[in-house]
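Here's the structure we're looking at; comments come further down.
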Amino acid sequence: MHPIIEISDLSFSYPDGKQALREISFKVMAGEKVALVGANGAGKSTLLLHLNGILRGKGNIRIQGLEIKRDNLAKIRAAVGMIFQNPDDQLFSPTVFEDVAYGPIYQGLDKEIVFRRVVQALQAVQMQNHADRNPHHLSHGEKKRIAIATVLSMQPDILVFDEPTAGLDPRTRRELIEWLSGLPQTLLVATHDLGLVARLTRRTVILNNGQIVADAATAQILGDEDLLMRNGLR
Amino acid sequence: MQHLYIHNQSVVHQADARVKLILSLAFVLFLSLTPQRAWAAYILFLTLSLSVALISRLGVGFVLRRALVAMPFVLAALPLIFRESVSLSTWSLTPAIRLTYSPPGLERFASIAIKTWISAQAAVLLAATTRFPDLLVGLRQLRIPSLFLAIIGLMWRYLFVISEEVMRMVRGRASRSAAAGGGRRAGGSLVWRAGVTGGMAGSLFLRSLERSERIYAAMLARGYNGEPVAIDTAPLSSRDRIGIALGVALLTFFSLLGVASGG
């Protein structure tokens, strides 16, 4: 079986000279759920932004066997659904419906298919009664659900979450974790919410200062207090 | 977003912001007072701005290129070439293609274009060698009304806040701009895309507005009462004063030379 995400020797520096990623290499198999943990500024978000070619570092990344380059970006972005930490960055349309429809319409799908996809996506996050609302005026938890729906409507094979539980109240957080566990897609979750990691993923990768310092079974990593402490997770 | 200030170790960078402000304004003032067709004087002004570019280690090419931002405004003067009614000439490529233009009009246009470009170089040099906060302090020390300064300062601050918001929103859109495969044309119709962009502009406005309200509340919470904090104004050193006097004298000389040679 081919890995669905394949990263080798990825390094990246921001224009101001800060080196954010150093020779990152790892693979994710189809259907796997992987947590990417690390302290603030460890490089998690920067790494995620490489998975759909928003940032382009040195090294090699393949998504479903496709190398990330200009000609493949449209296909790769259809395969990788990215949910940003701040839902405000993801919602830019006047109504929830239009926002969820953006991806499918951009893909050139027929009207009926777009409509069906939007309804399905909104049902999946239990927001079907909010289609006509302005996304800007929803609560943070509701915005988060809509942000997820905007990506689900594109039916990607890989879902990438940046801090999915940040800013959510305990019940919304618990519901989200349960919901995420039931998803069939390949899942890559960047977070420092170790409770989420314990309940959602079987594999955990620790990032520190732009480098992978551990890549092992979640149970093993969460059991190593010393390792967590060293990497700013305790 | 491209940053205006370029950090270097140089005499120009270390000079007092007030000195640079006064000399830059004097430079632009005297250059604009120099009459048209004073080509020799223009060369002197250009030499001066490029010397500063070299001394400040920004590089001649950098300053010349960046000063080109002012060029679109020069287009407003383009009609001069054809509108002057005196001494028209005709230029013809073939008997069929003929262009009637006025040589004095062309000279006026060239003068305006050159003066604009050199003035923009002075502005580029000032902005690239002086940190923006220093520039604000300099302006305040020169007794520019504090309301103006508050407006300029907040505008500068929010320019970056808003450009970052735009960048994040564009990232969010790019992540969902994908192709479905199966020979479907991706991208949607032009009208739909324009609508989406309009929606983005609308949400940007809403977000900026609410954000500015939050920031204003935070400013009030820390005791902001509309008055900028007073700062002490150290008087200019005698070296600075001599520098300003010499600079202005040189600029006056260039300009007078232009009056004598141009017209």
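Protein chains in written order, with the numbering used here: chain A, 58 to 291; chain B, 23 to 285.
The C-beta atom is built at its ideal place from N, Cα and C for all residues, glycine as well.
- Nearest C-alpha to residue 263 of chain B among B:207, B:43 and B:245: B:43.
- In the DSSP secondary-structure assignment, residue 260 of chain A is bridged to A:91 and A:274.
- Residue contact with chain B for residue 166 of chain A: present (Cβ-Cβ distance below 8 Å to some residue of chain B).
- Burial of residue 187 of chain A is indicated by the presence of at least 16 other C-beta atoms within 10 angstroms of its C-beta.
- An exposed status is given to residue 259 of chain A, since fewer than 16 other beta-carbon atoms sit within 10 Å of its beta-carbon.
- For residue 132 of chain A, at least one C-beta of chain B is nearer than 8 Å to its own C-beta.
- About 15 Å separates the beta carbon of residue 231 of chain B from that of residue 191 of chain B, a gap too long to meet the 8 Å contact definition.
- The segment 73-83 of chain B makes contact with the segment 140-153 of chain B: 3 or more CB pairs, one atom from each, lie closer than 8 Å.
- Between residue 79 of chain A and residue 267 of chain A the beta-carbon gap is near 5 Å, inside 8 Å, which marks them as a contact.
- In this chain, residue 219 of chain B is not harboured by any beta strand (DSSP E); it is covered by the alpha helix (DSSP H) spanning 212-243.
- With a cutoff of 8 Å on beta-carbon distance, residue 81 of chain B and residue 150 of chain A are scored as not near each other.
- A residue is called buried when at least 16 other Cβ atoms come within 10 angstroms of its Cβ; residue 282 of chain A does not meet this threshold and is exposed.
- When DSSP assignments are scanned along the segment 99-158 of chain A, the uninterrupted stretches of alpha helix (DSSP H) that are 4 or more residues long and fall wholly within it turn out to be 101-107 and 130-136.
- Between the segment 225-245 of chain A and the segment 156-164 of chain A there are fewer than three inter-stretch CB-CB distances shorter than 8 Å, so the stretches are not counted as touching.
- Sequence-distant Cβ neighbours of residue 181 of chain A in its own chain, meaning closer than 6 Å and more than five residues away, are 209.
- Scanning chain A for C-beta atoms nearer than 9 Å to the C-beta of residue 214 of chain B yields 162 and 163, reported in chain order.
- In this structure, the CA atom of residue 274 of chain B is about 22 Å from the CA atom of residue 258 of chain B.
- In this structure, residue 90 of chain A and residue 63 of chain A do not form a Cβ contact; the two beta carbons are roughly 17 Å apart against a cut-off of 8 Å.
- The segment 121-129 of chain B makes no contact with the segment 42-56 of chain B, as fewer than three CB pairs between them are under 8 Å.
- Of all residues in the segment 199-227 of chain B, the ones placed with a Cβ closer than 7 Å to any Cβ belonging to chain A are 199, 200, 201, 202, 203, 206, 207, 208, 209, 210, 214, 218, 221, 222, 224 and 225, in chain order.
- In this structure, the beta-carbon distance from residue 284 of chain A to residue 271 of chain A falls below 8 Å.
- Between residue 112 of chain A and residue 101 of chain A, the CB-CB gap reaches or exceeds 8 Å.
- Taken in chain order, the complete beta strand (DSSP E) segments of 3 or more residues contained in the segment 100-186 of chain B are 111-114 and 120-123.
- By the CB criterion at 8 Å, residue 179 of chain A and residue 114 of chain A fall outside the cutoff.
- With 16 or more other Cβ atoms inside 10 Å of its own Cβ, residue 164 of chain A counts as buried.
- Against chain B, a Cβ distance below 8 Å from residue 193 of chain A picks out 225, 228 and 229.
- For residue 207 of chain A, no beta strand (DSSP E) encloses it; the enclosing alpha helix (DSSP H) starts and ends at 197-209.
- Not a single C-beta of chain B is nearer than 8 Å to the C-beta of residue 154 of chain A.
- By the 16-neighbour rule on beta-carbons within 10 angstroms, residue 213 of chain A is buried.
- Per DSSP, residue 243 of chain A lies in no alpha helix (DSSP H) segment; the continuous beta strand (DSSP E) that holds it begins and ends at 243-248.
- In the structure shown, residue 30 of chain B falls within a coil segment according to DSSP collapsed to helix, strand and coil.
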